[in-house]
Amino acid sequence: MVTLATFVIVALLNPYSLLKASPSMASTLESGLLDCFGKNRLTNYTTINSRPQICYKLLNFSLQNLRFTEPSVPMPYVIVLPSSNIQVQHAVVCSRQHGWLIHARCGGHSYEGFSSTGDSPFVIIDQMNLNKVEVDVAEGTAWIGGGTTLAEAYYHIANASKDRYGFSAGTCPTVGSGGHISGGGFGHMSRKFRLVADNILDALVVNVVGLLLNRTTMGDGMFWAIRGSGGGSWGMVVAWKLRLADINRNVTFFQTNRAGKKTVVNLAHMWQAIAHT
Ligand SMILES: Cc1cc2nc3c(=O)[nH]c(=O)nc-3n(C[C@H](O)[C@H](O)[C@H](O)COP(=O)(O)OP(=O)(O)OC[C@H]3O[C@@H](n4cnc5c(N)ncnc54)[C@H](O)[C@@H]3O)c2cc1C
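Now the structure itself:
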């Protein structure tokens, strides 16, 4: 039999149990979050209860693994679309204060659904509006927002530098820099210019208590970890500083196909020996 004490403990650990338990408790939980947003002038969000169609649209438009569009898959309670670093900070602080899990989202391309679904009640902080690209041509660097897609970054960097600069990263234009750089980021130019994570010079990260950190204030350990250990683990990266690759205006690449398990295994094995050379 479930005792009152057990219920209280479960409810404290998992706000979703409150949502299921009693509509009035559920609405307290929800209104606490939305009140906090309101007090911090954070208005750019959509809740699943107030505008479900818009919420579904926002959730699904960049989702790559369609199994997460199934009705049985847990949905976020709210999708927040911050347009400044301070709004990301407020969204993190309010969500934490009111017991909601946070999923960071950039390009939405996580095949595992890490940015779009989860077991507990959660909010998504989608950085699609933080997609500013600022290029310093003389220095050969660029700051890109944590919601920038690879195509946006490639385009603005090429434009600003009159096709002089690119950077070494993946081939899919709609992949987001947030998840991609956090996980390494490999592409056509990586043998020559390494992974995109190897070319990160600085970053701005909102940590779990809402502080905005840069490379110096986050320290060497965290700066190392955000460049390869996977997105969503260390905080919300709201901007990356990239070292750009000085490339020729004309670039040639080719693709060749090989079939057969043994051939592919051999190729992958050989590739590991030469990829870093
Ligand atoms: C069609 C396709 C093509 C691909 N091509 C390549 C390729 O050529 N080379 C390659 O290396 N990889 C490639 N990938 C893999 C891709 O790099 C990863 O799936 C990457 O994690 C996607 O990042 P995202 O921002 O689009 O995804 P999201 O789903 O938004 O995020 C992925 C993870 O990162 C977290 N995250 C997102 N934004 C942030 C942020 N700003 N701060 C902190 N955490 C964040 C999320 O919470 C989630 O855990 C490809 C994937 C797909 C679907």
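In mature numbering (1 follows the signal peptide of the UniProt record, and there is no 0), the protein residues as written are -21 to -1, 1 to 256. The C-beta atom is built at its ideal place from N, Cα and C for all residues, glycine as well.
Residue pairing by DSSP places residue 225 opposite 144 in a beta bridge. For residue 103, the beta-bridge partners assigned by DSSP are 58, 82.
Distance from the CA atom of residue 125 to the CA atom of residue 66, rounded to whole angstroms, is 13 Å. Around residue 85, the same chain offers 106, 125, 126, 155, 156, 157, 158 as residues with beta carbons nearer than 7 Å, after the five sequence neighbours per side are excluded. Residue 219 places its beta carbon less than 8 Å from that of residue 123. A direct Cα-to-Cα measurement between residue 108 and residue 215 gives close to 14 Å.
Among the bridge pairs identified by DSSP, residue 120 is matched with 115, 222.
Annotation: the continuous beta strand (DSSP E) that includes residue 182 extends over 179 to 185. Counting only residues of its own chain and dropping the five nearest sequence neighbours on each side, residue 80 has a CB closer than 8 Å to the CB of 74, 97, 99, 100, 101, 102. Within 10 angstroms of the beta-carbon of residue 152 lie fewer than 16 other beta-carbons, which makes it exposed. Of all alpha-carbon atoms in 140, 133, 51, the one lying nearest the alpha-carbon of residue 118 is that of 140. Per the C-alpha coordinates, the member of 202, 191, 149 positioned closest to residue 68 is 191. For residue 24, the uninterrupted beta strand (DSSP E) segment begins and ends at 24 to 26.
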